[in-house]
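Read the structure below first, then the notes.
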Amino acid sequence: MSEAVQDLYNALIDIGFTQNQIDEMDIVYHLQLLARRKQEGKQDEVIFIDQLLG
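To convert, take the position in the sequence shown, counting from 1, and add 684; that gives my numbering.
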């Protein structure tokens with residue numbers, strides 16, 4: 685993990701986020717990122733979570 689990412693995690697913990705909350709944010713972010721990548725060039729296609737997970 686890069687130092688910048690570690691600093692971000694530490695800052696979130698310092699302001700009161702729990703590790704579980706941070707993990708949930710990570711999961712949501714990665715799923716949204718995968719959805720955007722999969723949708724590139726496919727404007728009308730709907731993507732469901734089971735398509736992202738394989």
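For glycine and all other residues, C-beta sits at the position ideal for the given N, C-alpha and C.
None of these values were measured; they are calculated from a predicted model.
For a cut-off of 8 Å, the C-beta gap from Ile706 to Tyr693 is around 6 Å, short enough to register as a contact. Boundaries of the alpha helix (DSSP H) harbouring Glu687: Glu687 to Asp698, taken from the DSSP string. The three-state reading of DSSP puts Glu708 in helix, counting H, G and I together. Just so you know, the alpha carbons of Lys722 and Gln703 end up roughly 29 Å apart.
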